[in-house]
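Numbering (the numbering used here), first residue to last: 263 to 457.
Note that beta-carbon positions come from the ideal geometry of N, C-alpha and C, so glycine has one too.
Reading through the structure tokens given below for one structure.
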Amino acid sequence: MAGIRSTMDLVMERAARMGMATPDEMRHEENLKKGMQLTADYLNGTKDSLTDVLAAQEPDQRESIRKGMLTALLRNLFLPRDEDGIKRIEQAVKGLIELNQGTPDIAALCRELQTIASQYGQHRQQLYEQLKEQMRMQIEQLLMRKGLKADGMKIDPTMEPQFKEQWSRLEADLDGQYGQALEQFKAQLKAWTGA
263 MAGIRSTMDL
273 VMERAARMGM
283 ATPDEMRHEE
293 NLKKGMQLTA
303 DYLNGTKDSL
313 TDVLAAQEPD
323 QRESIRKGML
333 TALLRNLFLP
343 RDEDGIKRIE
353 QAVKGLIELN
363 QGTPDIAALC
373 RELQTIASQY
383 GQHRQQLYEQ
393 LKEQMRMQIE
403 QLLMRKGLKA
413 DGMKIDPTME
423 PQFKEQWSRL
433 EADLDGQYGQ
443 ALEQFKAQLK
453 AWTGA
């Protein structure tokens, strides 16, 4: 019985070892995470240049760290909803171009991506203002039908449930359209950069 049990223990130990990563895989994973953290510092403004940061790393770790940096930069390409989002995208694009110096295709693709993000912001704001004005006019017409004057009243259509519902629908449609284009650009960047 002791022989069977020790054989079972050996099988279990071997199965456990098969599920573990090799030391090289673990180092690669650590370097990917390090690259992502260094990029987070860069995006937050505490690092000036990703190429300088990368050059300061051990030569045998640079490729993994660079991949981590590229992964983090690609994750920071999104549809901006405010000025901070636009600045974050600009910084991510700057980092992508910096890490891929000498590749004009990537710079051109990044400029197109920034154009899409900018157009999204403008289109989003335009739709919001149009819906707001449309709802304000509907509220004024409703008040007039009830015999009330809207002149002296301060009307905020954004507080109406109907506005929120319609805006949610419009925003989802807009996000879908621009999001699809953004994902195509990100996929192309990922393929070209090797991230």
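Can you give me the Cβ contacts of glutamate 360 inside the same chain, cut-off strictly under 6 Å, excluding the 5 residues immediately before and after it? Leu312, Thr313
Could you check where the alpha helix (DSSP H) with threonine 313 kicks off and where it finishes? 312-317
Take the Cβ of serine 326 as the centre, count every other Cβ of all protein chains shown within 10 Å, and call the residue buried at 16 or more, exposed below. buried
On a CA-only basis, which of Arg328, Met415, Lys408, Glu422 is nearest threonine 455? Give me that one, please. Arg328
On the three-state DSSP scale, how would you describe threonine 458? Any answer about residue 458 is impossible in this case: the structure gives the chain only from 263 up to 457.
Drop a sphere of 10 angstroms on the beta-carbon of threonine 420, count the other beta-carbons inside from all chains shown, and report buried for 16 or more, exposed for fewer. exposed
Glutamine 343 in three-state terms, based on DSSP: According to the sequence provided, residue 343 is arginine. The question's glutamine does not apply to it. Correct three-state label for arginine 343: coil.
Taking DSSP as the reference, what is the three-state secondary structure of alanine 264? Reliability of the predicted coordinates at alanine 264 is poor, the pLDDT of 45 falling under 50, and the value obtained from them is presented with this limitation in mind. Note: alanine 264 maps to helix in three-state DSSP.
Note down, in chain order, each residue of its chain lying with its Cβ closer than 8 Å to the Cβ of leucine 358, except the 5 sequence neighbours on either side. Leu332, Leu335, Leu336, Ile368, Cys372, Leu451, Thr455
For lysine 394 and glycine 297, the rounded distance between their alpha carbons: 44 Å
Residue from Gln323, Glu445, Gly441, Ala317 with nearest C-alpha to arginine 343: Gly441
Relative to the C-alpha of threonine 377, which residue among Met415, Gly330, Gly307, Ile351 is closest? Ile351
On the CB-based measure, 16 or more other CB atoms within 10 Å of its CB, does methionine 415 come out buried or exposed? exposed
Closest to valine 355 by CA distance: which of Glu345, Glu374, Asn293 is it? Glu374
Looking at C-alpha atoms only, which residue of Met399, Asp322, Ala453, Lys309 is the closest neighbour of isoleucine 417? Met399
Within this structure, are the beta carbons of leucine 404 and leucine 341 separated by less than 8 Å? no
Kindly provide the ranges of any beta strand (DSSP E) runs that are 3 or more residues long and lie completely inside the segment 347-386, ordered along the chain. none
Secondary structure at glutamate 291, three-state DSSP: helix, strand or coil? helix
Which residues bound the alpha helix (DSSP H) around methionine 421? Where methionine 421 is concerned, there is no enclosing alpha helix (DSSP H), given that its DSSP letter is neither H nor E.
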